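*Asks:* Quick one: the structure is below, questions incoming.
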Amino acid sequence: MKKAKTKTNAKAQASAKAQANTKAHAKKKTKAARSPKITLRLNGKKAAVAAPPMKRLLDTLREDLGLTGTKEGCGEGECGACTVLVDGAAVNSCLVASCQVAGCDVQTVEGMARGNAKVAARLHRLQRAFLEHGAAQCGICTPGMLMAALALPKRATLDEIRAGLAGNLCRCTGYMKIYDAVAQFLDGERR
Amino acid sequence: MIAAAGIDVLQPRHLKDALIMLRVAADEGRPLVPLAGGTDLFVTLNAGQKPAARYLDLWRLDKLRGVEALGRRRLAFGGLATFTDSIESKAVHKRLPILVDAARQVGGVQIQNRGTLAGNIENGSPAADGVPVLMAADARVVLRSLDDERAVPLAEYYTGYRKTVRRPDELIVRIEVDVPEGGQRFEKVGTRAAQAISKVVMAAVGHRVAFGSVAPIIVRAHKLEAYLAAGGRDIGEAQRLVAEDVTPIDDVRSTAEYRRRVVANLVAAWVPSLDKRTATR
Amino acid sequence: MSKKKRREDGAARLRTVGHNVARAEGVEKVTGTARYIDDLVFDDMLYGATVRSTIPAGRIVAVERDPAFDWSGFTWVDHHDIAAPGRNVVAMIAEDQPFLAVDRVRHQAEPIALLAHADRARLAEGLAHVRVRYEAEPATLDFETASIVLKEIGIRRGDVDAVFARPGVRVIEGTYRTGAQEQLYIECNGVIAQPGAAEPDDGGITVHGSMQCPYYVVRALCTVTGLPREKVRVVQTTTGGGFGGKEEYPSVLAGHAVLLARKSGRAVKMVYERHEDLVATTKRHPSIVHHRTALAADGSILAIDVDLRLDGGAYVTLSPVVLSRAAIHATGPYRAEAVRIRGRVMMTNTPPNGAFRGFGAPQSQFAAEAHMDRIAGELGLDPIALRKQNLFRTGDITATGQTLKDSVAAHEVLERALERHARMVRPHNKKKRAHNNGDGHDGDGHDGDRRLRGTGVAMFFHGSGFTGGGEVKLASRAGLALTADGVRLLVSSTEIGQGTRTMHAQIVAETLGIPYDRVETADPDTARVPDSGPTVASRTCMVVGRILQRAAEKLRAELGDYDDEKSFRKRARWLLAERGTVEVIEEYQKPGDIVWSDETYEGDAYGAYAWGCNVADVEIDPVTYQARCTQFTAAIDIGKAIHPILAEGQIEGGTLQGIGWALYEDVVMREGKMQNASLTNYIIPTTLDTPPINVEIVENPFAGGPFGAKGVGECPIDGPAAAIVNAIRAATGKRLDAIPATPERIMKALADETSR
């Protein structure tokens, strides 16, 4: 009986100490999170942006980083117009907290062309394929669609292309020419 | 429009720190909401739900990532294991292939890359797609707090609509599955072929079968299972029993009658496959 | 010389038209540099929000701003702020719809007041501190039992009753229903209003926005502000889809933003989030159509009697025109000795319905084509043979008494569609088959062949341009400005994804004989371009393109002789030096032989018709009752494909919207409010829901269109719903007379013993 009590007391004491430590510990962590400077690798270059940690990555890109290429279509993760690549994986940036991409590699549509995007010759091969095949009509879904397409496995079959793009809604094209453009691009990648 | 400016986020690098923070928050009565991939939370925030004052970002807790195969039949999913992790895991393909099927039908790749199994479980949606699979496979949810760890069978995890046994100072660190013997089957009946909320979900491992979207929580069809375990194979009886195990409703997506009928049809298609030698999918 | 050879020779001469030139507005779309309205930010800009009704009908008792809330920084606008010479009327056809409700509301989500603030989060808080108190009144929510008629029209030819009374005549009846459909442009509605037109403080107003019809917005703004035309400037920004959903609605939104901008003296941005856009903006009119058809025993249609009702919602808006098109197309592309069509738009206390691609024709032709299959079934005739027997040919007369003089390709599109579809589904064609079976992941591994399969056909047509005297009333104007190296288009037609700027530039370049890239195009700014009419009604190529072609012809004549680009530039510079500026603007010219009466609804309804045929393969899973389209063929006669890839794109996109309407898209209403107002619950087809769509472009030229072109934008959406429903009947033996053909409805039909 006695032994058990001692154990319990000791445990309680240790717990109280731990609690005091944790409170101080937690406060330190809280302070660190309030200063909202987020550093990341953005389209191949180092970048830093001050943004509230829970600000959506979509909004940080569009408002604080001046990259309006990524679009909002629904705010629900259904349309994929906000798709960007984080460490190579396609994600809906309307559902990502900005603080979670600290230290990550983020790619947006603005990173695709080399240099001056207005010059057709500097376009990414996938962008050129989209142009050739008429894969963009109104263009609002296009940036997200391009990003999702870049994340496809290089040997994707038509069915895998369709599955990989199932998270990107297009209302204009009926998808057919998007498949053509992506298939041509992947074909070129394999050579 | 999320009023992000006023929200604090704690970003621990180690699991222990995260657990300390949750303990302190619980002791102080200051809610601290865990945030993983954000695929459920941000949908509600974008829709105008008032955000919590503080969130605990779990995304840096690398120890919680990934899927491990332990022994011949055991799978261990980390607390941050995503649907994509399951799809890409050879072990999952081999031992619990219906989880791959389910994972492939959760949203599009964008959701699969960020959505976690733990989040799917904890969010408690009756329409969750991964949970019926795990429930049919007798999964255990491993909850850890600062000084304790416990494993709760998934079948006992829910206490009511979107209510779980997780205490505020606990995190799901692991989901363990000792995959039972038997054929596996997964059927999701959604509103369309991809990116669909399910109207009915059925997941079966052997004669264990769980249903989603037909009750306030994901349920195992205990009456039906008992009948099948005892050797019963009459389809009419099976359908009668499963009708007692599920309580579908009318909602904006579908009707109770449709759900009842489809559950009956799915059972009718499934029962005859139980005694086939090869594992069906 | 054979027709084919003549066509080939003609085609060989064309250097730009008929070729897939690089899109004028293409690069910016694939690089993300195109600026949509939400990408624009102006200095000192405020954000605007709308206080909306939360009941379907009733009197407004009070509109209260919480006195305990800090309203500093807010701008408030309600109907009191619309003062003479401005009028609180959204000017369309009738003057029944206010910009802001005065003393009563007639539908859920009706705009009552407006708020603006520089901070969006604060704005949302302010909105939550406004309370409206009502005295609710009984609401009419079901248009089938509604009694108030917003518009009625009648079309009559011959004596329908006499035909029905003839002995030996077979009479087949059927009732068909279609649901509302949301346009679901991926870019929501949005505008930015700024004080100042030509100068920031000239008392005028400028609006940038996502829209199809800049001049509709001008007219609406002149009405609500009382400003003269010169003081109102409207600029279309890159528009992320319209499909009719941005035909008339932007006028309402622009009016709201302008009221806030004028009161605050600041730029005001109003961009809807998806939920608000779904709940508050226009949808396709739901319909109920009753057919009564008299046939001879051999299947010849003798008389067609149609009663058609549309749900207009609470205000008239464009419903009379939707009704008009629905009624004119209600027979489908078939001849009959006698025709009677009664069309009515009913008033309900729901958000007003409006333009959506097809504009009434999809609804009435769904009924007509589903009915043809019912007729075939009941008379024991082959559905295709029945159609062939009754399809329009050149020389036939339509319901409105129009003799179809030329460019009638109904039989040709039917042949082409059937032939192409058969090629696509040939079993040995392995490559295509792999595409066909793109199943996605619906677990069909275990019950491989439990599915029921069937094929359905639909025939349809679509008149191009505004009905009857509509184009004359529009009096559209468009033209060119000469530059040192080429020309600049002066036209208010909008590019909304269909490639307007490219197509117009091709027509002009071809006519002038200059390279395509010498034609400058821009998104319309009403300060710079004339009113070319709205970008709707499949008129942008056939009607406006033709005006541009005439302007180019005139300019060419004025330039004198040149035979290559170099000599063109020489002539251009000479002419510019002579005159300073050289602009040629042409106005719409009615083709001489078109005769139409608005009073009797008789005459030449449209200058030309596009013709279409769809063949659809559908699979139904008897376990889940889900129907899926697995292969789809569309043959459409568009006269001439100015840009083949763009034309195909219109057909593919319009087809998929029709498939979505047939199978997936459902607006769930309760108490007059949309319940599934999110993309999670209002579903459009994803890649995995989309069948291979095989397109056959048929070119049956129309002399009145540029290079033979007729319209292409809308025709493709008129057919898919009936083709799919007919395929479902072929697969299951059960007839579905309503869309969407949801699994719940299919389940009911399969269980219904009496249904055939």
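Residue numbers (our numbering), protein chains in the order written: chain A, 1 to 191; chain B, 1 to 281; chain C, 1 to 756. Ideal Cβ placement from N, Cα and C applies to all residues, glycine included. Please read these numbers as outputs of a predicted model, since none were measured by experiment.
What does the Cβ neighbour count give for P126 of chain B, buried or exposed, with the cut at 16 atoms within 10 Å?
*Replies:* Here the question's residue 126 of chain B lines up with position 126 in the second sequence. Buried, since its Cβ has 16 or more Cβ neighbours within 10 Å.
*Asks:* List the endpoints of the continuous beta strand (DSSP E) containing F185 of chain A.
*Replies:* By one-based count along the first sequence, residue 185 of chain A stands at place 185. Premise fails: F185 of chain A lies in the alpha helix (DSSP H), 176–190, not in any beta strand (DSSP E).
*Asks:* With DSSP collapsed to three states, give me the class of A118 of chain B.
*Replies:* Numbered from its first residue, the second sequence carries residue 118 of chain B at position 118. It is helical.
*Asks:* If contact means a Cβ-Cβ distance below 8 angstroms, which residues of the region 670–703 of chain C contact chain D?
*Replies:* Looking for chain D here will not work: the only protein chains present are A, B and C.
*Asks:* Just the C-alpha distance for V24 of chain B and E187 of chain B, rounded to the nearest angstrom, thanks.
*Replies:* The residue given as residue 24 of chain B occupies position 24 in the second sequence. The residue given as residue 187 of chain B occupies position 187 in the second sequence. Each residue's alpha carbon lies about 43 angstroms from the other.
*Asks:* Tell whether a beta-carbon distance below 7 angstroms holds between G73 of chain A and I328 of chain C.
*Replies:* Residue 73 of chain A sits at position 73 when you count from the first residue of the first sequence. Residue 328 of chain C sits at position 328 when you count from the first residue of the third sequence. Taking 7 angstroms as the Cβ cut-off, G73 of chain A and I328 of chain C do not qualify as a contacting pair.
*Asks:* Quick check on this structure: which residue in B:D169, B:L143, B:F83 has the alpha carbon closest to the alpha carbon of G128 of chain B?
*Replies:* By 1-based counting over the second sequence, the position of residue 128 of chain B is 128. Checking the displayed sequence, the identity of residue 128 of chain B turns out to be Ala instead of Gly. Comparing Cα positions, the closest option is B:F83.
*Asks:* So, E412 of chain C versus V698 of chain C, is the Cβ gap smaller than 7 angstroms?
*Replies:* As a first step, residue 412 of chain C must be located in the third sequence, where it is residue number 412. As a first step, residue 698 of chain C must be located in the third sequence, where it is residue number 698. Their beta carbons are under 7 angstroms apart, which means E412 of chain C touches V698 of chain C by this criterion.
*Asks:* V91 of chain A CB to nearest chain B CB: under 7 angstroms?
*Replies:* Counted from its first residue, the first sequence places residue 91 of chain A at position 91. Judged by the 7 angstroms Cβ criterion, V91 of chain A is in contact with chain B.
*Asks:* Look at Y176 of chain C and V289 of chain C and say whether their C-beta atoms are less than 7 angstroms apart.
*Replies:* Counted from its first residue, the third sequence places residue 176 of chain C at position 176. Counted from its first residue, the third sequence places residue 289 of chain C at position 289. Yes.
*Asks:* Taking 7 angstroms as the CB-CB limit, is A124 of chain C close to chain B?
*Replies:* Taking the first residue of the third sequence as position 1, residue 124 of chain C is located at position 124. Output row for A124 of chain C: interface = yes.
*Asks:* Name the DSSP bridge partner or partners of N694 of chain C?
*Replies:* The residue labelled residue 694 of chain C in the question sits at position 694 within the third sequence. Paired residue(s): C:T633.
*Asks:* Please give me, in chain order, every unbroken run of the alpha helix (DSSP H) with length at least 4 that falls completely inside the region 80–155 of chain A.
*Replies:* 125–133, 142–150
*Asks:* Looking at C-beta atoms only, is the number of pairs between the region 465–483 of chain C and the region 571–583 of chain C that lie closer than 8 angstroms three or more?
*Replies:* Three or more beta-carbon pairs drawn from the region 465–483 of chain C and the region 571–583 of chain C are found closer than 8 angstroms, and the two stretches are therefore classed as touching.
*Asks:* Less than 7 angstroms separating the beta-carbons of A180 of chain C and R284 of chain C?
*Replies:* Position 180 of the third sequence, counted from the first residue, corresponds to residue 180 of chain C. Position 284 of the third sequence, counted from the first residue, corresponds to residue 284 of chain C. Cβ distance < 7 angstroms, so A180 of chain C and R284 of chain C count as in contact.
*Asks:* Using a Cβ-Cβ cut-off of 7 angstroms, state whether Y664 of chain C counts as contacting chain B.
*Replies:* The residue labelled residue 664 of chain C in the question sits at position 664 within the third sequence. Yes, its Cβ sits closer than 7 angstroms to a Cβ of chain B.
*Asks:* Would you tell me roughly how many angstroms separate the C-alpha atoms of D752 of chain C and I620 of chain C, rounded to the nearest one?
*Replies:* Numbered from 1 along the third sequence, position 752 holds the residue referred to as residue 752 of chain C. Numbered from 1 along the third sequence, position 620 holds the residue referred to as residue 620 of chain C. Each residue's Cα considered, the two are about 16 angstroms apart.
*Asks:* Could you give the C-beta distance for V262 of chain B and V200 of chain B, rounded to a whole number, given that I count them as a contact under 8 angstroms?
*Replies:* To locate residue 262 of chain B, count along the second sequence from 1; it is residue 262. To locate residue 200 of chain B, count along the second sequence from 1; it is residue 200. About 5 angstroms separates the beta carbons of V262 of chain B and V200 of chain B, which is inside the 8 angstroms limit, making them a contact pair.
*Asks:* With 7 angstroms as the threshold, decide whether the Cβ of R120 of chain C is near any Cβ in chain B.
*Replies:* Residue numbering aside, residue 120 of chain C sits at position 120 when the third sequence is read from its first letter. Judged by the 7 angstroms Cβ criterion, R120 of chain C is in contact with chain B.
*Asks:* Please report the straight-line C-alpha distance between G443 of chain C and M202 of chain B, rounded to a whole angstrom.
*Replies:* Along the third sequence, read from residue 1 onward, the residue named residue 443 of chain C stands at position 443. Along the second sequence, read from residue 1 onward, the residue named residue 202 of chain B stands at position 202. At G443 of chain C the pLDDT is 35, less than 50, meaning the model places this residue with poor confidence; the figure from the coordinates comes in the next sentence. Between G443 of chain C and M202 of chain B, the C-alpha separation is close to 12 angstroms.
*Asks:* How is D85 of chain B classed by DSSP in three states: helix, strand or coil?
*Replies:* Locating residue 85 of chain B in the second sequence gives position 85, where the first residue counts as 1. In the structure shown, D85 of chain B sits in a helix (DSSP, three-state: H, G or I).
*Asks:* Using beta carbons (cut-off 7 angstroms, strictly below), is Y161 of chain B in contact with chain C?
*Replies:* The residue labelled residue 161 of chain B in the question sits at position 161 within the second sequence. Chain C, which has no Cβ nearer than 7 angstroms to the Cβ of Y161 of chain B, makes this no.
*Asks:* Measuring straight from C-alpha to C-alpha, what distance separates T237 of chain C and K151 of chain C?
*Replies:* What you label residue 237 of chain C is simply residue 237 of the third sequence in a count that begins at 1. What you label residue 151 of chain C is simply residue 151 of the third sequence in a count that begins at 1. When rounded, the distance between both Cα atoms is 34 angstroms.
*Asks:* Going by DSSP in three states, C222 of chain C sits in which element: helix, strand or coil?
*Replies:* Here residue 222 of chain C is taken as the residue at index 222 of the third sequence, counted from 1. Residue state, collapsed to three classes: helix.
*Asks:* Quick one: which chain C residues come within Cβ less than 8 angstroms of R192 of chain B?
*Replies:* In the second sequence, counting from the first residue as 1, residue 192 of chain B sits at position 192. Those within 8 angstroms of R192 of chain B in chain C are Y664, I683, P685, T686, L688, D689.
*Asks:* Pick helix, strand or coil for F460 of chain C, following the three-state DSSP scheme.
*Replies:* Here residue 460 of chain C corresponds to residue number 460 of the third sequence, with the count starting at 1. Here F460 of chain C sits in strand by DSSP.
*Asks:* Since Y185 of chain C meets chain A, which of its residues come closer than 8 angstroms, beta carbon to beta carbon?
*Replies:* Walking along the third sequence from the start, residue 185 of chain C turns up at place 185. Result: C138, I140, R171.
*Asks:* Let's test the definition: count the other Cβ atoms within 10 Å of the Cβ of K45 of chain A and tell me whether it reaches 16, buried, or not, exposed.
*Replies:* On the first sequence, residue 45 of chain A is found 45 positions in, with the first residue counted as 1. Exposed is the call here.
*Asks:* Mind listing the chain B neighbours of M747 of chain C? Cutoff is C-beta to C-beta under 7 angstroms, in chain order.
*Replies:* In the third sequence, residue 747 of chain C corresponds to position 747, counting from 1. Residues of chain B with a Cβ closer than 7 angstroms to the Cβ of M747 of chain C are, in chain order, Y258, R261.
*Asks:* Which value, in whole angstroms, describes the spacing of the CA atoms of P153 of chain A and V109 of chain B?
*Replies:* Locating residue 153 of chain A in the first sequence gives position 153, where the first residue counts as 1. Locating residue 109 of chain B in the second sequence gives position 109, where the first residue counts as 1. Looking at the two C-alpha atoms, the distance is approximately 12 angstroms.
*Asks:* Per DSSP, D525 of chain C forms a beta bridge with which residues?
*Replies:* In the third sequence, counting from the first residue as 1, residue 525 of chain C sits at position 525. Per DSSP, C:V235.
*Asks:* So with CB distances below 8 angstroms, who are the chain C contacts of L255 of chain B?
*Replies:* One-based indexing of the second sequence puts residue 255 of chain B at position 255. As written in the sequence, residue 255 of chain B is Thr, which differs from the Leu given in the question. Those within 8 angstroms of T255 of chain B in chain C are E744.
*Asks:* Out of curiosity, what's the CA-to-CA distance linking N46 of chain B and L57 of chain A?
*Replies:* Against the second sequence, residue 46 of chain B aligns to sequence position 46. Against the first sequence, residue 57 of chain A aligns to sequence position 57. Spanning the two alpha carbons is a distance of roughly 13 angstroms.
*Asks:* Answer with yes or no whether the minimum CB distance from I645 of chain C to chain A is below 7 angstroms.
*Replies:* For the purposes of this step, residue 645 of chain C is taken as the residue at position 645 of the third sequence. I645 of chain C counts as touching chain A.
*Asks:* Under 7 angstroms between C-beta atoms, does G29 of chain B make it to chain A?
*Replies:* Residue 29 of chain B sits at position 29 when you count from the first residue of the second sequence. Cβ-Cβ to chain A under 7 angstroms: no for G29 of chain B.
*Asks:* Less than 7 angstroms between CB atoms is the rule here; does E652 of chain C satisfy it with respect to chain A?
*Replies:* In the third sequence, counting from the first residue as 1, residue 652 of chain C sits at position 652. Answer yes: the Cβ-Cβ gap between E652 of chain C and chain A drops below 7 angstroms somewhere.
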